[in-house]
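Residue numbers (this note's numbering): 1 to 232.
Working notes, structure below.
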Ligand code: ADP
Ligand code: ADP
C-alpha cells in the first residue's frame, strides 16, 4: 500500500550538497509494522520527514494506495496529511494546552464540530489509557504518558498510517515496552499500518514484522525481521 520509488533527498549547502537519501526503493504492505533502522546520519529522519510530507523529496515517488504524494497540490497535500499520523521522540505536545486539547488540536484544524471532537477525544484517551488525565497538562505527566497523548493525537484524524520517529528513544526500557505494546494493539485493533524509524535493534525485534537497514542514504538490507535478526 505504500510504495517508495527511487526516493532521493539532497540538502543544498553553501560549501557542498548533502545527499541524505540516495534512491530508496521500499514497499510497505497494509497492516505491517515496518521498521527502518540505521546509525545516526544514515538518513532515517530525512526518510520519515519525506514520508510525512514535512520535507519535499528531491526526486522519486511516494505512492500511498495508488496516490502519488509527491505530485499533489497544496490543497491535496493537506488532505493527504490526514492519512498520516506521526509521533515524535520528544512528543511535541503543546504545553499550554491540556491533554484533551492536545488531542483535539488536529480535529479543530480539520474543522470538526464540538460534539465530534469531544466524542473522539474521549474515545482516544480511553484507547491509550489516559481517560483520567484529560484535564492535566503535559508537564504533569511522565514521559510515557506524554507519548500516549502523542499517539492519541496522531490517531485523531483516523490515519491509514502511523509514522513513528524514534518514538521510544527518550523512554526507559520498561516504558518503551509499554508504548510498544500499545502500538502493537493499535496495529491489531485498528488495522493501522505502522512505519517506525529507530537506532535501537530491540525495538525492531520487539514489534516489527519487516525491517530495512539504512546506511549512508541507501537500503542495504530488507526482509522479515526473523530472517534478518535472529530473535532471542
Ligand atoms: P538520521 O536520522 O539517520 O540521523 P538524517 O536524515 O538526520 O539521518 O541525516 C542524514 C544526513 O543528512 C546527515 O548527513 C545530516 O547531517 C544531513 N541532513 C539532515 N537534515 C539536513 C538539513 N536540513 N540540511 C542539511 N543537511 C541535513
Ligand atoms: P536526528 O539524527 O535525531 O534526526 P539530526 O541532528 O540529524 O537529529 O537532525 C535534527 C534536525 O536538524 C532535523 O530537523 C534535521 O533536518 C536538521 N539537520 C540535521 N543535520 C543538519 C545539517 N547538516 N544542516 C542543517 N540542518 C540539519
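Glycine included, each C-beta is placed from N, C-alpha and C at the ideal position.
| Item | Value |
| --- | --- |
| For residue 196, tell me which candidate among 153, 117, 86 and 224 has the shortest Cα-Cα distance. | 86 |
| With distance defined between alpha-carbon atoms, name the residue in 163, 222 and 170 nearest to residue 193. | 163 |
| Between residue 4 and residue 198, which are expected to be in contact by the criterion C-beta below 8 Å, what is the C-beta distance as a whole number of angstroms? | Between residue 198 and residue 4 the Cβ distance is about 18 Å, and since that is not below 8 Å, they are no contact. |
| How big is the Cα-Cα spacing for residue 62 and residue 140? | 39 Å |
| Can you find the residues in the same chain that come closer than 8 Å, C-beta to C-beta, to residue 155, ignoring five residues on each side of it along the sequence? | 85, 124, 127, 162, 186, 190 and 192 |
| Compute the minimum distance between the beta carbon of residue 18 and the heavy atoms of ligand 1, and state whether it is under 7 Å. | yes |
| Does residue 165 pass the burial test, meaning 16 or more other C-beta atoms within 10 Å, or should it be called exposed? | buried |
| Helix, strand or coil: which one does DSSP assign to residue 89? | coil |
| Based on DSSP bridge pairs, tell me the residues matched to residue 196. | 35 and 164 |
| Please report the straight-line C-alpha distance between residue 89 and residue 34, rounded to a whole angstrom. | 17 Å |
| From residue 119 to residue 159, what does the alpha carbon distance come to, in whole angstroms? | 17 Å |
| Are the region 14 to 26 and the region 170 to 185 in contact at 8 Å, needing three or more beta carbon pairs? | no |
| Shortest alpha-carbon distance to residue 142 belongs to which of 152, 172 and 81? | 172 |
| Could you say which of 30, 106, 180 and 43 lies nearest to residue 220 if we only look at CA atoms? | 43 |
| Tell me the residue span of the alpha helix (DSSP H) that contains residue 110. | No alpha helix (DSSP H) contains residue 110, which DSSP labels as neither H nor E. |
| Counting along the chain, where does the alpha helix (DSSP H) carrying residue 221 start and finish? | Note, residue 221: premise wrong, no alpha helix (DSSP H); beta strand (DSSP E) at 218 to 224. |
| In the DSSP assignment, find the beta strand (DSSP E) that holds residue 187 and state where it starts and stops. | Careful: residue 187 lies outside any beta strand (DSSP E), inside the alpha helix (DSSP H) at 173 to 190. |
| At a cut-off of 7 Å, is residue 35 close to ligand 1 when judged by its beta-carbon and the heavy atoms of the ligand? | no |
| Quick one, are the C-beta atoms of residue 69 and residue 53 less than 8 Å apart? | yes |
| On the premise that residue 136 lies in contact with residue 168, defined as a C-beta separation below 8 Å, what is that separation, rounded to the nearest angstrom? | Not confirmed; about 21 Å, so no contact. |
| Since residue 202 is in the beta strand (DSSP E), which residue starts that stretch and which ends it? | Per DSSP, residue 202 belongs to no beta strand (DSSP E); it is in the alpha helix (DSSP H), 201 to 207. |
| Shortest alpha-carbon distance to residue 129 belongs to which of 179, 225, 110 and 32? | 179 |
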